[in-house]
Amino acid sequence: MTSTKKKGGSDLALAEITAANWPPSSLTKVKDPYFKWSKTVMFDLHGVVFDWESAFQDFASAHYGYSFHNVKREFYDMARDPNTPISPDQFSELFVEFVKRAQGGYGDLQPLAGVVEQLELIKQAGINVVICTWTPGASDARPDGSATYGTGIAQQVTEELILKHLGHVVSKSDIMFNSTHGKKRVMLEERIPLIVEDNAETAVGVAQSAMGAIVMPQPYNEGLQFPNVLRLDSSNQLAYAVISFFDKLDDESMLAA
Numbered sequence: 578m579t580s581t582k583k584k585g586g587s588d589l590a591l592a593e594i595t596a597a598n599w600p601p602s603s604l605t606k607v608k609d610p611y612f613k614w615s616k617t618v619m620f621d622l623h624g625v626v627f628d629w630e631s632a633f634q635d636f637a638s639a640h641y642g643y644s645f646h647n648v649k650r651e652f653y654d655m656a657r658d659p660n661t662p663i664s665p666d667q668f669s670e671l672f673v674e675f676v677k678r679a680q681g682g683y684g685d686l687q688p689l690a691g692v693v694e695q696l697e698l699i700k701q702a703g704i705n706v707v708i709c710t711w712t713p714g715a716s717d718a719r720p721d722g723s724a725t726y727g728t729g730i731a732q733q734v735t736e737e738l739i740l741k742h743l744g745h746v747v748s749k750s751d752i753m754f755n756s757t758h759g760k761k762r763v764m765l766e767e768r769i770p771l772i773v774e775d776n777a778e779t780a781v782g783v784a785q786s787a788m789g790a791i792v793m794p795q796p797y798n799e800g801l802q803f804p805n806v807l808r809l810d811s812s813n814q815l816a817y818a819v820i821s822f823f824d825k826l827d828d829e830s831m832l833a834a
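If you read the sequence shown in this note's numbering, its first letter stands for residue 578, the second for the next number, and so on.
Laid out in structure tokens, this is it:
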């Protein structure tokens, strides 16, 4: 355990994680003397803040009778992971139903253990938190490409879920629905230097644009190593990793006032 400084308050005891070149020098040595980063961290939602996988597995088991016990995912794409006991077509059919349910679906997910407390520490340190997640809208294509979702219910129940559990950390204006690839564009436009993700592809894409990414530990991102990407060993290292990141940017006078 160690402590890291907290602007305007006492020190916070946080689970420490250290890594070479963290935060990345690409964020502290921007070739523009007038450039400043926003003191804002972007969070993905599913697999980062909320556990959607367990709830979906229970939903699928109830429909098809398959057991997901002791199934360890190797790939981010659950539908095509060979360890998933349902087929891609079955996944596609169930996912459409699951995401629009307020009860027993997207609107009824539970936070991952300890993550809300980590977000509270980040907020208390004076760091702005925004959430940017892909949640299907009315015009988004279904997983099998056969049609669109035709409704925005999934986004509605997701927004309500976020505000229910995190309304003291984020406001409605801090919630964005965007494509996986659109996150990097938002970060560049808003000068957000850091994202917290579970998707290795998204994290690496952000890193390729010389920004920073923290990856929450999930079986499908084990072994991830890439410049500008910090994969945590456990979720209780999250607040330390984020706060120390912005402390360093502050020390280098790289944060907007």
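All C-beta atoms in this analysis are idealised placements derived from N, C-alpha and C, irrespective of residue type, glycine included.
Nothing here was measured: the structure is a model prediction, and the numbers come from that model.
query                                                                                                                     : result
Closest by C-alpha distance to VAL673, when choosing among ALA724, GLY624, ASN660, PHE645                                 : ALA724
Euclidean distance between Cα positions of THR757 and ILE772                                                              : 12 angstroms
Inter-stretch contact (C-beta, 8 angstroms, three-pair minimum) for the segment 816 to 829 and the segment 601 to 610     : yes
Alpha-carbon to alpha-carbon, LYS649 and GLU670                                                                           : 22 angstroms
From PRO601, VAL676, GLY703, THR617, residue whose alpha carbon lies closest to that of GLU630                            : VAL676
Of the listed residues PHE636, PRO713, CYS709, ILE730, nearest to THR617 (C-alpha basis)                                  : CYS709
GLU563 (DSSP reduced to helix, strand or coil)                                                                            : This structure cannot settle anything about residue 563, because the visible part of the chain is limited to 578 through 834.
Beta strand (DSSP E) segment containing ILE708, residue limits                                                            : 705 to 710
Start-end ranges of the beta strand (DSSP E) lying completely within the segment 745 to 796, minimum 3 residues           : 752 to 754, 771 to 774, 789 to 792
For LYS761 and SER786, believed in contact at Cβ under 8 angstroms, the rounded distance                                  : 6 angstroms
Outcome for GLU778 when other beta-carbon atoms lying within 10 angstroms are tallied against a minimum of 16             : exposed
Residues near LEU807 in its chain [Cβ-Cβ closer than 8 angstroms; skip 5 each side]                                       : ILE594, ALA596, TRP599, GLY789, ALA790, ILE791, VAL792, ALA818
ARG808 (DSSP reduced to helix, strand or coil)                                                                            : strand
Spatial neighbours of GLN667 in its chain, beta-carbon cut-off 7 angstroms, leaving aside the 5 residues before and after : TYR641
Cβ distance (whole Å) where ALA691 is taken to contact SER812 below 8 angstroms                                           : Note on residue identity: the sequence assigns Gly, not Ala, to residue 691. With 8 angstroms as the limit, GLY691 and SER812 qualify as a contact, their Cβ atoms being about 6 angstroms apart.
Pick from PHE627, VAL746, TYR611, ASP609 that is closest to ILE699, judged by C-alpha positions                           : VAL746
Terminal residues of the alpha helix (DSSP H) in which THR920 lies                                                        : In the structure displayed, the chain extends from 578 to 834; residue 920 sits before or after that span and is not available.
Pick from MET619, MET655, ALA816 that is closest to GLN795, judged by C-alpha positions                                   : MET655
Inter-residue spacing [alpha-carbon to alpha-carbon] between GLY782 and PRO601                                            : 15 angstroms
Cβ shell of ALA731 (< 6 angstroms), same chain only, five flanking positions each side left out                           : VAL676, LYS677, TYR683, THR712, PRO713
Rounded distance between the beta-carbons of LEU686 and PHE627, thought under 8 angstroms                                 : 4 angstroms
Cβ of LYS741 within 8 angstroms of any chain C Cβ                                                                         : Any reference to chain C falls outside this structure, which holds one protein chain only.
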